[in-house]
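Engineer: Using our numbering, the letters of the sequence shown map in sequence onto residues 1383 to 1443.
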Amino acid sequence: MSRRAPMFKPLPITLQRGALRLEPLVEADIPELVSLAEANREALQYMDGPTRPDWYRQSLA
1383 MSRRAPMFKP LPITLQRGAL RLEPLVEADI PELVSLAEAN REALQYMDGP
1433 TRPDWYRQSL A
C-alpha cells in the first residue's frame, strides 16, 4: 500500500534583514518599475523589455 505525500504548495513570503526587504511582485508595482526602467534606459540597453508593462506581468503568472 503506497501513500502519497500531499503536494507542496509554495506561498509568497517576504524576506527582511536590516534595511533590506524583498517582497513578492504585485501588479501595483509595475508602473513604478516601468518608470524606473525608462529613467535608466541607458543602463538597461541590453535587456529586452523592462520598459514594457507586459514584461513584468509575465513574472506574475
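The beta-carbon is built from N, C-alpha and C at its ideal position, and this holds for glycine as well.
(1) Could you spell out where the beta strand (DSSP E) holding residue 1398 opens and where it closes?
(2) What separation, rounded to the nearest whole angstrom, lies between the Cα atoms of residue 1434 and residue 1385?
(3) Going by the beta-carbon positions, is the gap between residue 1418 and residue 1438 smaller than 8 Å?
(4) Start and end of the alpha helix (DSSP H) containing residue 1426?
(5) Tell me whether residue 1404 sits in a helix, a strand or coil according to DSSP, three-state version.
Structural biologist: With the given structure in hand:
(1) For this step, residue 1398 is matched to residue 16 along the sequence shown. From DSSP, the beta strand (DSSP E) with residue 1398 extends over 1397–1399.
(2) Position 52 of the sequence shown holds residue 1434. Position 3 of the sequence shown holds residue 1385. Cα-Cα distance, rounded: 47 Å.
(3) Here residue 1418 refers to the residue found at position 36 of the sequence shown. Here residue 1438 refers to the residue found at position 56 of the sequence shown. No, Cβ-Cβ distance for residue 1418 and residue 1438 is not below 8 Å.
(4) Here residue 1426 corresponds to residue number 44 of the sequence shown, with the count starting at 1. No alpha helix (DSSP H) contains residue 1426, which DSSP labels as neither H nor E.
(5) Against the sequence shown, residue 1404 aligns to sequence position 22. Strand, per DSSP.
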